[in-house]
Every structure is written in structure tokens, then in C-alpha cells.
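Numbering (the working numbering), first residue to last: -12 to 201.
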């Protein structure tokens, strides 16, 4: 009887292990989807579409969206794909701090190209201030890589949420509820430590206030 009890007790953790692994896998999958849905690219698109509707008609919003897509989002996406394919990056998030400078420099360069284009071709565009402040935010994150891997996911989520809340959009309040879930996903995926998420969020909120009230 004693031997049977020992065997049963020994089997319990083994029997529980598959369920534990299944739960962990599920949580990781959910975290990945949250990070994709709340990706900085998505936040930028939401911000342009919603904030832009305050300054331009719906038919005029397509041009700035395509402009940002062509000059910033597509080149950055190509960089991510190439670096991961060549195994120079562990993933498209450039999770290792040594990978961050290249990603941030490319984003910053693309934003500066976009800013220059807008100043020359469309000096009255509502995008100019947003592109400038976004570039400043990315520059600060780039300089900050000497000390911490500031979360770009949280920075752009904070920027979009703050700006849209200032504008009184219900989308901004929805993003306010998304931010804690996004923070959980970045921790679950082991992309950042808590203080890096806080730094990113603080940077985004400050940028959003500057953009909304500037």
C-alpha cells in the first residue's frame, strides 16, 4: 500500500505537467497576438486615421496613410524580415539590446525623410508635428539604449492613447484599456523588463501631451 501511495504521489506532477505546458503555450500565443494587434505600426495607423479625421476629410486621409506606409512602415518591415531571415536578429522585435540601435536608426531616418518630404511638398500637413515628435521620441529611445531597452510598443501605444484621449476620441479610451494587456504580453514574451515598459509608456505619454497641446 505504501509503495502504491508513493507511486501515485510521484505520478501526480507528471500528470499535471501536460496541462501546465498547455496553459503556458496558450498564454504565449495570446501574448504574441496581443503584441501583433497592438504593434507600433498598428498604433501609427490608428493615430493617423482617428486624429487625422479632426483635420482632414475621410477622402484626404488615404494620402497620408499611404505616405507613412511607403516611407516608414514598408522599409522598416523589410529590415525586420531581412535581419531575422539572415539570423542576425532573434525576432522581428529586435529583442536583444544590441539589435536595437539599427532598428531605431532606420525608423528615425525614415521619419526624417518623411518629415523633409512633407516640409517641401505639403508644408500645411497635419502630419508634420506628429512625425517630428515621433522622431524625437525614437531618438530618445535610441540614446537610451546605452542604459535600457525602452519599449517601442509601449511608447507608441502611450502616444496614440494620450493624443486620442486629448482629442476626446473613444478610441483613445479603448487604447487605455489595451495598454495593461500589452504590458502583460511584453512581459510574458520576455521582451522587456518592467522598468523598460514604464520608460516606454512615460515617453509615449509625454510625447502625446506635447503633440496634443503643443
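A virtual CB, placed ideally from N, CA and C, is assigned to each residue, including glycine.
Bear in mind that the values here come from a model prediction, so they are computed numbers and not experimental data.
Residues 91, 94, 95 of the same chain have their beta carbon placed closer than 6 Å to that of residue 125, with the five preceding and five following residues left out of the count.
Close CB contacts of residue 112 within its chain, under the 6 Å cut and outside five residues either way in sequence, are with 105 (chain order).
In this structure, the beta-carbon distance from residue 137 to residue 187 falls below 8 Å. Three or more beta-carbon pairs separated by less than 8 Å link the stretch 15 to 27 to the stretch 162 to 182, which places the two stretches in contact. The three-state secondary structure of residue 113, taken from DSSP, is coil.
Of all alpha-carbon atoms in 162, 69, 172, the one lying nearest the alpha-carbon of residue 145 is that of 162. The continuous alpha helix (DSSP H) containing residue 173 extends over residues 157 to 175. Residue environment analysis places residue 76 among the buried positions, since at least 16 neighbouring C-beta atoms fall within 10 angstroms of its C-beta. Measuring C-alpha to C-alpha distances from residue 156 to each of 195, 101, 38, 129 identifies 38 as the nearest. Going by DSSP, residue 183 is part of the alpha helix (DSSP H) stretching over 181 to 200. Scanning its chain for C-beta atoms nearer than 6 Å, with the 5 sequence neighbours on each side dropped, one finds around residue 118 the residues 98, 101, 102, in chain order. Non-local beta-carbon contacts of residue 70 in its own chain, meaning distances under 7 Å to residues more than five positions away in sequence, involve 76 in chain order.
By the neighbour-count definition (other C-beta atoms within 10 Å, threshold 16), residue 178 is a buried residue.
By the neighbour-count criterion, in which 16 or more other beta carbons inside 10 Å mark a residue as buried, residue 143 falls on the buried side. In the structure shown, the three-state DSSP call for residue 140 is helix. Counted as a single uninterrupted DSSP element, the alpha helix (DSSP H) harbouring residue 52 occupies residues 49 to 55.
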